[in-house]
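Undergrad: Which chain is which? The protein sequence lines are A and B, in order. Here our numbering is used: the first residue of the first sequence is 1, the next is one more, and so on. Here our numbering is used: the first residue of the second sequence is 1001, the next is one more, and so on. Glycine residues also receive a C-beta, built at the ideal position from the N, C-alpha and C atoms. Source: prediction; values computed, not measured. Pasting in a structure now, in structure tokens, and then I'll have a few things to ask.
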Amino acid sequence: MSELPPRTSVKRWLVTTNHKDVGILYITTALFFLLFGGVLALAFRAHLWETGGTGLLADREFNQAVSMHGLLMVFWFLSPIATGFANYFVPLQIGADDLAFPRLNALSYWFYLFSGIMVALSFFQGSAYAGGWTMYAPLNVPTYTPAMQATTGGTATILGLALFLISVTVGTVNFLVTIHRQRAEGLGLWNMPIFTWSWLLTAWMMLFAFAALFAAALLLLSDRLFLTQYFSTDQGSGLLWGHLFWFFGHPEVYIVFFPALGIMFETFQTFCGRRLVGRKWVIIAMVLVAVQSFLVWMHHMFLTTINLEIKTLFMATTIGISLPFDLMVFALIYTMVKGRVRFTTPFLFSLGALVLFILGGITGVFLGAVVLDYEFRGTYWVVAHFHYVMVSGVTALVGGLYYWWPKMTGKMYSETLGKLNFAVYFIGFNLLYFPQFLAWETPRRVFNYAEGAQFYHQLSTVGAFVFGASFLIMFYTFAKSWVSGPDAPDNPWEYSRTAEWAVPSPPPLENWTGRPSYASGRLEFVDDSAAATDGGVAQGEGKAAEATVAHEEEHADHASIWPLGIGFGTFVFFLGLAGITPYVVQFAEGVAETVEYEPTREALSGLVGVAAEPNIIYPALTLLGIAIMGVSLFKFGVEEFNVPEPAIAERWPFEGVDNTKFGVWVFLASDVMVFGAIIGGYIFLRLHMGWGQWEKVPFASWPGLLNTYVLLTSSFTVILALVFAERKNKKGLLGSMLATLLLAFTFMGVKAYEYGYKFSHGEYWWTSIEYSVYFVTTGLHALHVILGVLIALFMVYRIVSVDAYLEDHRPVEYFGLYWHFVDIVWVFLFPLFYLM
Amino acid sequence: MTSPIKPPKGNWWDQPVNRRESIWLGLGVGWALVLFGWMSAFTRIGDQNPIGETYRVTEDELREKVDAFKDAAEEREDGAYVPDGDDVFVVGQRFDWDGLPVVLETGREYDFHLSSYDVQHGFSIRPEHALSQQINLHVMPGEEWVVPMEFDEPGTYHVLCNEFCGEGHRGMHGTIIVEEGSQ
Chain A
1 MSELPPRTSV
11 KRWLVTTNHK
21 DVGILYITTA
31 LFFLLFGGVL
41 ALAFRAHLWE
51 TGGTGLLADR
61 EFNQAVSMHG
71 LLMVFWFLSP
81 IATGFANYFV
91 PLQIGADDLA
101 FPRLNALSYW
111 FYLFSGIMVA
121 LSFFQGSAYA
131 GGWTMYAPLN
141 VPTYTPAMQA
151 TTGGTATILG
161 LALFLISVTV
171 GTVNFLVTIH
181 RQRAEGLGLW
191 NMPIFTWSWL
201 LTAWMMLFAF
211 AALFAAALLL
221 LSDRLFLTQY
231 FSTDQGSGLL
241 WGHLFWFFGH
251 PEVYIVFFPA
261 LGIMFETFQT
271 FCGRRLVGRK
281 WVIIAMVLVA
291 VQSFLVWMHH
301 MFLTTINLEI
311 KTLFMATTIG
321 ISLPFDLMVF
331 ALIYTMVKGR
341 VRFTTPFLFS
351 LGALVLFILG
361 GITGVFLGAV
371 VLDYEFRGTY
381 WVVAHFHYVM
391 VSGVTALVGG
401 LYYWWPKMTG
411 KMYSETLGKL
421 NFAVYFIGFN
431 LLYFPQFLAW
441 ETPRRVFNYA
451 EGAQFYHQLS
461 TVGAFVFGAS
471 FLIMFYTFAK
481 SWVSGPDAPD
491 NPWEYSRTAE
501 WAVPSPPPLE
511 NWTGRPSYAS
521 GRLEFVDDSA
531 AATDGGVAQG
541 EGKAAEATVA
551 HEEEHADHAS
561 IWPLGIGFGT
571 FVFFLGLAGI
581 TPYVVQFAEG
591 VAETVEYEPT
601 REALSGLVGV
611 AAEPNIIYPA
621 LTLLGIAIMG
631 VSLFKFGVEE
641 FNVPEPAIAE
651 RWPFEGVDNT
661 KFGVWVFLAS
671 DVMVFGAIIG
681 GYIFLRLHMG
691 WGQWEKVPFA
701 SWPGLLNTYV
711 LLTSSFTVIL
721 ALVFAERKNK
731 KGLLGSMLAT
741 LLLAFTFMGV
751 KAYEYGYKFS
761 HGEYWWTSIE
771 YSVYFVTTGL
781 HALHVILGVL
791 IALFMVYRIV
801 SVDAYLEDHR
811 PVEYFGLYWH
821 FVDIVWVFLF
831 PLFYLM
Chain B
1001 MTSPIKPPKG
1011 NWWDQPVNRR
1021 ESIWLGLGVG
1031 WALVLFGWMS
1041 AFTRIGDQNP
1051 IGETYRVTED
1061 ELREKVDAFK
1071 DAAEEREDGA
1081 YVPDGDDVFV
1091 VGQRFDWDGL
1101 PVVLETGREY
1111 DFHLSSYDVQ
1121 HGFSIRPEHA
1131 LSQQINLHVM
1141 PGEEWVVPME
1151 FDEPGTYHVL
1161 CNEFCGEGHR
1171 GMHGTIIVEE
1181 GSQ
């Protein structure tokens, strides 16, 4: 579209879609959230100076500080800084020009930034979420949060989390398409650089794990905003949340640790001057961990009432998952043994990370045993253990920052300062966390401890400040390098062999001069324009000039303002939603005064505590947000944005589909997970109550059956649309799209009739758990239908205005895939809600 | 060495494993299985914290049961309950433990009925002299968890809440007073 302004211009950073720029934005923002979460940690560490607290924080502030420290560090620092590295270096390592969908990449960044702002703002809306980072039910519903005087603030935190999850999903789809479909010629999966491997597995884990958390967040938000009852009852709510949260929560550990591991592998290879020992087995081990990570979640629930047989099973999978990590640790150690080590700053950080990870990993194995967990859980043993693991990841990530700093900025940093940084970091780290092992009997989540533990806690607090200071040294080192560091060569590390070191520091906008290729077994840059003209000098000047022109025309776009627009609109929309609850409460209380149906009246008293005061700003923001989103999405849709798909690339095993189609499939896979979690939640709650005791909500099965027919017919009309598009028949295409729309409206009409019938009998979504589940699940499906309708309307507009899809019918197919998915979901919902 | 990052020559990963290495590997695997079996078996038959059984319960039923327990128990001057039989009810609510304080005897096995009226709480027992954690369980609304427990040493045991339950979480506390048993 427009030209990309220079890096010194603010405008550049608002419109850029280039993967290197977005990477830098990610890394910078993540470092900001590191400071944010770190300052919270310093505050409560200072408060813990003596038992009972020094009075620095009130009870509620302490709860907020520790909850938000956990949330910010895990979601807004650890994952995003790794995403930043991946953004910058994965395309470079695989020889791609950019990510597959550059505008979506910018969009996921803006979602991430605004989600962070949203969470920060929640501190100013009564109180940020204060019930622990695990957000256990039923403490997480509005009935209990008014006691924290924070319906709005707490809701804002969770909305921020949901926005972050959307950002992750968008980013994940993008990375999976990029890595699977845009690798340079000859770069098979086995030969892929190991950081890219770790990120590929991270992305696959994120796709499924974050979808489960997204489902949980949606249900929680429906409880908080609309007063449904998923997590507010004593009918299995607590366990349901536990399952949903930890199904995400355990893979999350590897999601944050894998990129760090990838950096450790890369730096060990570079600074030991030695190929990673057992490289193939390391990759196999990582794949194993990625799969197994979804089979261990219940070890976080050993203290709940789950029966012993299942706990034992999960004890086995948990102990088992440590084995592939042993292999990786030994691979790293043997790489050092076999190589010649150079103790540069990045290597020191990676080595430090390895040492800390070994300690953190071993102390975690104890927690895998059920009976030991009874004793350890909820103590500082756990706190120390997972900080040793997670912050060992941070250590490697800081190492990555040093490793890639010359590449990203073109400047060298001072090794002396870097080593000083490492020394202070390592001492501070151990001073901070090791005493927590010694004071392990201290209970978590309170600030009282036995007298004897005071010395250790004071050591720990001192350590926290030393550790914090090491980051000041880091920022100083980088600032100094930025201002007055010597220029970095292309490859300052000598033995590094991944492709990012074969281009200038910093790399040019288009990354490569010539097409990177591994066809000969090593990295080469092929000049395709010369090859096209047979490379002959005799061909004359004219033809070469033509080829250049043709190349120019294919020039990729790098600037679009609309990702920012969509991100901002969604932010405003979510900010508005945070304060909707009081209006819903007013509505529900109005209903309760007139309604005759007894349960609807009774249920309300249990659901509504002291809600926040209604504030007209919030509904206004909601509407404004929808408007901004609408305009931006439309502009985004009609914008001309050229992203050439590489003609030659290694794509095994996905040669058969194009980028966008693969992206749609990947997105649908995550949506399957969302619906899977929500339908799973329904089945869980129903089994908990007793399958037969569950009240069937729809008044009859015929509307469901009718809607099944309607939707199946609409699948057929979508296929017709595709056929007409292939035949370049505009009328036929238009007609079948309109027929699809008509059927969708019919579906919505029947749905509205059903809902209306229920409301007229005084039955609402808060009436009982059965009603909540029915309205939320079918409502989420209806939301999918509405989104489909919006897409279809846009497509109809494009057909009428610019004769779209006649030349290239593929978008009709993408829409068809989505629409079929929505229909298939209904085919599951119909029997589950209407017949059983 | 032309380039140190080239893989070593030949199928170095495919060479036969030394016999002594195989023996050690075998021993390692065997020992791992023994440890795991031990760990699992100890949960069931060892002298360990027992697991107990869970029953579904509504809040009203639970309140009735706790009231019945308190009525049947003898109430001492200091407000502590001396239970009538072997059943002890401890139910969390924001921000205290219903059913506590309670007076128990050493050497006698009690059935602790653990649950919550409102949100999830953490039931953590710590003896006063060391404050070391003896056991920690999640108590959840709607579930009555019956866990057999026996105290070996007399003294005061503190019951803390170990999961966030709201603003007053820090002060949620009860005591179990254990006296020398008559047997």
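Using a Cβ cut-off of 8 Å, pull out every chain B residue sitting near Thr305(A), in sequence order please.
TA: Chain B residues near Thr305(A): Thr1054, His1138, Met1140, Glu1143 and Trp1145.
Undergrad: On the CB-based measure, 16 or more other CB atoms within 10 Å of its CB, does Gln586(A) come out buried or exposed?
TA: It is exposed - the Cβ of Gln586(A) has fewer than 16 other Cβ atoms within 10 Å.
Undergrad: For the pair the segment 101-111 of chain A and the segment 16-23 of chain A, tell me if three or more CB-CB distances fall below 8 Å.
TA: With the cut-off at 8 Å, the segment 101-111 of chain A and the segment 16-23 of chain A touch.
Undergrad: Count the other CB atoms, across all protein chains shown, that sit within 10 Å of the CB of Ala844(A); report buried if there are 16 or more and exposed otherwise.
TA: In the structure as shown, chain A begins at 1 and stops at 836. Residue 844(A) is therefore absent and cannot be evaluated.
Undergrad: Report the option in Tyr1117(B), Gln1015(B) and Leu1131(B) whose CA atom is closest to the CA atom of Glu1064(B).
TA: Minimum Cα distance to Glu1064(B) is reached at Tyr1117(B).
Undergrad: Does the distance between the C-beta of Asp1152(B) and the nearest non-hydrogen atom of the ligand NAP fall short of 8 Å?
TA: By its list of ligands, the structure shown contains no ligand whatsoever, and the ligand NAP lies outside what it can speak to.
Undergrad: Under 8 Å, with one C-beta from each stretch per pair, do the segment 725-743 of chain A and the segment 757-764 of chain A reach the 3-pair mark?
TA: In short, these stretches do not touch, since the Cβ pair count stays below three.
Undergrad: Kindly list, in the order they appear in chain B, the residues whose Cβ is closer than 9 Å to that of Ala450(A).
TA: In chain order: Arg1126, Ala1130, Leu1131 and Ser1132.
Undergrad: Report the residue from Arg810(A), Gly756(A), Ile626(A) and Leu523(A) whose alpha carbon sits nearest the alpha carbon of Lys661(A).
TA: For the residues Arg810(A), Gly756(A), Ile626(A) and Leu523(A), the minimum Cα distance to Lys661(A) belongs to Arg810(A).
Undergrad: List, in chain order, every chain B residue whose beta-carbon is nearer than 9 Å to that of Met315(A).
TA: Neighbours of Met315(A) on chain B, chain order: Phe1036, Met1039, Ser1040 and Thr1043.
Undergrad: On the DSSP letters alone, give me the boundaries of the alpha helix (DSSP H) that Val672(A) sits inside.
TA: Note, Val672(A): alpha helix (DSSP H), Asn659 to Met689.
Undergrad: Let me check one thing: in DSSP terms, what residues is His1173(B) bridge-paired to?
TA: DSSP, once it has assigned bridges, lists Leu1160(B) as partnering His1173(B).
Undergrad: What is the residue span of the beta strand (DSSP E) that Val1147(B) lies within?
TA: Its beta strand (DSSP E) spans residues Glu1143 to Glu1150.
Undergrad: Quick one: is Leu790(A) buried, meaning 16 or more other Cβ sit within 10 Å of its Cβ, or exposed?
TA: Exposed: under 16 other Cβ atoms inside 10 Å.
Undergrad: So which residues of chain B does Tyr144(A) contact, with C-beta pairs closer than 9 Å?
TA: Under the 9 Å cutoff, chain B gives Arg1094, Asp1118, Val1119, Cys1165 and Gly1166.
Undergrad: Using a Cβ-Cβ distance cut-off of 9 Å, determine whether Gln1048(B) contacts chain A.
TA: Chain A contact via Cβ: present.
Undergrad: Output, in sequence order along the chain, the residues in the segment 351-378 of chain A whose CB is closer than 7 Å to any CB in chain B.
TA: Those would be Ala369, Val370, Val371, Tyr374, Glu375, Arg377 and Gly378, in chain order.
Undergrad: Could you check where the alpha helix (DSSP H) with Gln269(A) kicks off and where it finishes?
TA: Where Gln269(A) is concerned, the enclosing alpha helix (DSSP H) stretches over Ser237 to Cys272.
Undergrad: Does Ile648(A) come out as helix, strand or coil in the three-state DSSP assignment?
TA: DSSP places Ile648(A) in coil when its eight states are reduced to three.
Undergrad: Which residue spans inside the segment 184-208 of chain A form an unbroken alpha helix (DSSP H) run of at least 4?
TA: You should have found no qualifying run.
Undergrad: For Gly53(A), which option in Gly1085(B), Pro1141(B), Gly1171(B) and Thr1175(B) has the closest C-alpha, if you only look at C-alpha atoms?
TA: Residue Gly1171(B) is the option with its Cα nearest to Gly53(A).
Undergrad: Which class does Leu276(A) belong to by DSSP, given the choice of helix, strand or coil?
TA: Reduced to three states, the DSSP call for Leu276(A) is coil.
Undergrad: Given that Arg1170(B) touches chain A, what residues does it touch there, using C-beta distances under 8 Å?
TA: Within chain A, the residues near Arg1170(B) are Asp59, Phe62, Val446, Phe447 and Asn448.
Undergrad: Tell me Ala96(A)'s beta-bridge partners as DSSP assigns them.
TA: For Ala96(A), which the question treats as bridged, DSSP gives no partner whatsoever.
Undergrad: Please state whether the Cβ-Cβ distance between Ala156(A) and Val119(A) is less than 9 Å.
TA: A contact, by the Cβ cut-off of 9 Å.
Undergrad: Work out the CA separation of Leu564(A) and Met629(A) for me, nearest whole Å.
TA: So the alpha carbons of these two residues sit roughly 10 Å apart.
Undergrad: According to DSSP, is Gly1181(B) part of a helix, a strand, or is it coil?
TA: DSSP places Gly1181(B) in coil when its eight states are reduced to three.
Undergrad: Under 8 Å between beta-carbons, which chain A residues line up against Thr1058(B)? List them in chain order, please.
TA: Simply Asp234.
Undergrad: Applying the 10 Å Cβ sphere with the 16-neighbour rule, what's the burial state of Leu870(A)?
TA: The structure shown has nothing for residue 870(A), since chain A only spans 1 to 836.
Undergrad: If you draw a straight line from the C-alpha of Asp1096(B) to the C-alpha of Ile566(A), how long is it?
TA: Taking the straight line joining both Cα atoms gives about 48 Å.
Undergrad: Report yes if the CB atom of Pro599(A) is closer than 9 Å to the CB atom of Ser768(A), and no otherwise.
TA: Yes, these two residues count as a Cβ contact at 9 Å.
Undergrad: Counting beta carbon pairs with one atom in the segment 252-259 of chain A and one in the segment 794-807 of chain A, are three or more of them shorter than 8 Å?
TA: No: the two stretches stay apart, fewer than three of their Cβ pairs being nearer than 8 Å.
Undergrad: Going by beta carbon distance, what residues of the same chain come within less than 7 Å of Gly399(A), once the five residues before and after it are set aside?
TA: Closer than 7 Å at Cβ, skipping near neighbours: Ile263, Thr267, Pro346, Phe349, Ser350 and Ala353.
Undergrad: Ends of the alpha helix (DSSP H) at Gly756(A)?
TA: Per DSSP, Gly756(A) belongs to the alpha helix (DSSP H) from Lys730 to Ser760.
Undergrad: Below 7 Å on C-beta distance, what does Gly1122(B) contact in chain A?
TA: Under the 7 Å cutoff, chain A gives Gly378.
Undergrad: Pro193(A) to Gln93(A), Cα distance in whole Å?
TA: The straight-line gap from Cα to Cα measures roughly 7 Å.
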